[in-house]
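S.K.:
Residue numbers (the numbering used here): 28 to 206.
(1) Measuring straight from C-alpha to C-alpha, what distance separates residue 118 and residue 126?
(2) What's the C-alpha gap between residue 113 and residue 202?
(3) Just the C-alpha distance for residue 159 and residue 205, rounded to the nearest angstrom, thanks.
(4) How many Å lie between residue 175 and residue 88 at the Cα?
(5) What does DSSP give as the partner residues of residue 176 in its beta bridges?
(6) Using only alpha-carbon positions, find the residue among 107, 104, 132 and 100 that is nearest to residue 115.
(7) Quick one: grab the DSSP three-state call for residue 127.
(8) Excluding the five sequence neighbours on either side, which residues of its own chain have a C-beta within less than 6 Å of the C-beta of residue 155, listed in chain order?
(9) Using the Cα positions of residue 163 and residue 86, report the straight-line distance between them to the nearest angstrom.
(10) Use the C-beta contact count for residue 191: other C-beta atoms within 10 angstroms, 16 or more gives buried, fewer gives exposed.
(11) If you reduce the DSSP assignment to three classes, tell me which class residue 85 lands in.
(12) Need the endpoints of the alpha helix (DSSP H) that residue 195 sits in, please.
(13) Take residue 83 and list the residues in its own chain whose beta-carbon comes closer than 6 Å to its own, dropping the five residues that flank it on each side.
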C-alpha cells in the first residue's frame, strides 16, 4: 500500500505548481490546476491552439534556443509525497526505513541526485546542465513520506525539470524498496 500523491514544483515565484502523480502500475499526469484544465478544454473546443515552446510553427518538435538568455543563478524546489500504509510507516525509526533491500531513504536520496544529473538523457528536449547543487531531503509525517528536492545551477535555463525528476525518482525508489 504505497503510492505517490503529488510532485510540486517551485521555481522561485513563491507558489507551487502541483503535478499529481499516482503510482500503482501506471503514472497519470494531471493539469496543474482546475483553471488550467478549464482553459485547456476551452481551447480544444473553441479551436484555439496554444503555442508550446517545444513545438515549431509547422508542428515539429524542437529544442528551445536559450543562447540569447543571460547566465544567471537559477533554483528550483520540487516535492513528492509518498503515502505508505501503517505497517510500513511503523517501521520508520530515526528518520529512516530499513527493509530487506537496505536503507530506503539513503537509497532514494542517491537515486534522486543521480536522476537530476541525468535529466537531459531522460527528457528529450531538456538542455544538459552542469548542476551546481542538488539536495534531496526526506522526512516522514502522519503516514506520508515527504521528498523535497532543491536544485541550483548557474546557466541560461531553469532547473525545474531536474528538481521534478529528482523528486519523482526518489519517490519511485521509495515505492520500489517498500513493495
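For glycine and all other residues, C-beta sits at the position ideal for the given N, C-alpha and C.
M.R.: Inspection of the coordinates gives the following:
(1) Distance between the alpha carbons of residue 118 and residue 126: 9 Å.
(2) Taking the straight line joining both Cα atoms gives about 14 Å.
(3) Approximately 31 Å between the Cα atoms of the pair.
(4) If you take the alpha carbons of residue 175 and residue 88, they lie about 31 Å apart.
(5) DSSP output for residue 176 lists 105 and 163 as bridge partner(s).
(6) With distances taken between Cα atoms, residue 115 lies closest to 132.
(7) Here residue 127 carries a coil assignment [DSSP, helix/strand/coil].
(8) So the qualifying residues of the chain are 147.
(9) Their Cα atoms are separated by approximately 37 Å.
(10) By the 16-neighbour rule on beta-carbons within 10 angstroms, residue 191 is buried.
(11) Coil, per DSSP.
(12) From DSSP, the alpha helix (DSSP H) with residue 195 extends over 187–205.
(13) Answer for residue 83: 89, listed in chain order.
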